[in-house]
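Asker: Residue numbers (this note's numbering): 4 to 111. Ideal placement from N, C-alpha and C gives every residue a C-beta, glycine not left out.
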Amino acid sequence: MTHVVAETSEGSYGFLPNRLDCVAPLTPGILTFNCEKDGEIFVAVDEGVLIKTGNTVLVSVRSAILGTDLATLRSAVDKEFLVLNEQAQQVRTVMAKLESSFLNRFRL
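Below you can see the structure in the form of structure tokens.
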């Protein structure tokens, strides 16, 4: 790895090897890194955390999609993350119904 660029709650940050170690909360966005072998790589990430120690960068996120081309990655993100958003909305609807039912029974 020659460098990593990630989106955090404080903005976009670049990380270089052998610089200060850190932990950074990640927000949904594009994580970019450069490898000598593969060139520039893009990863669409959901919320998570980045930990950098020396030359090692560890990233833990709920969802990620790897790509080498931003246009292709955008298409994959639109498909994948929109499905996840629809599923999350369905779960919220079911939970609201369960909570409402529980409260109605509790009042009796």
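(1) Just to confirm the assignment: which complete alpha helix (DSSP H) runs, minimum length 4, are found wholly within the segment 18-67?
(2) Helix, strand or coil: how does DSSP classify threonine 96 here?
(3) Let me confirm a value: glutamine 9 is counted as buried when at least 16 other C-beta atoms fall within 10 Å, else exposed. Which label applies?
(4) Tell me, please, whether the segment 58-71 touches the segment 34-46 by the rule of three or more beta-carbon pairs shorter than 8 Å.
(5) Assuming the contact rule is C-beta atoms closer than 8 Å, glutamate 50 and proline 20 should be a hit. Round their C-beta distance to whole Å, please.
(6) Less than 8 Å between CB atoms is the rule here; does tyrosine 16 satisfy it with respect to chain B?
(7) Below 8 Å on the Cβ atoms is my contact criterion, and I expect threonine 5 with asparagine 37 to pass it. Report the Cβ-Cβ distance as a whole number of Å.
(8) Are valine 48 and proline 28 closer than 8 Å when you measure CB to CB?
(9) Tell me which residues share the same chain as valine 26 and place their Cβ nearer than 6 Å to its Cβ, disregarding the 5 neighbours each side in the sequence.
(10) To which residues does DSSP link leucine 106 through a beta bridge?
Answerer: Result, derived from the coordinates:
(1) none
(2) helix
(3) The question names glutamine, but residue 9 in the sequence shown is alanine. Under this definition alanine 9 is a buried residue.
(4) yes
(5) No, glutamate 50 and proline 20 are not in contact; Cβ-Cβ is about 25 Å, not under 8 Å.
(6) Of the protein chains in this structure there is only one, and it is not chain B.
(7) 4 Å
(8) no
(9) Ile54
(10) Leucine 106 is not bridged to any residue.
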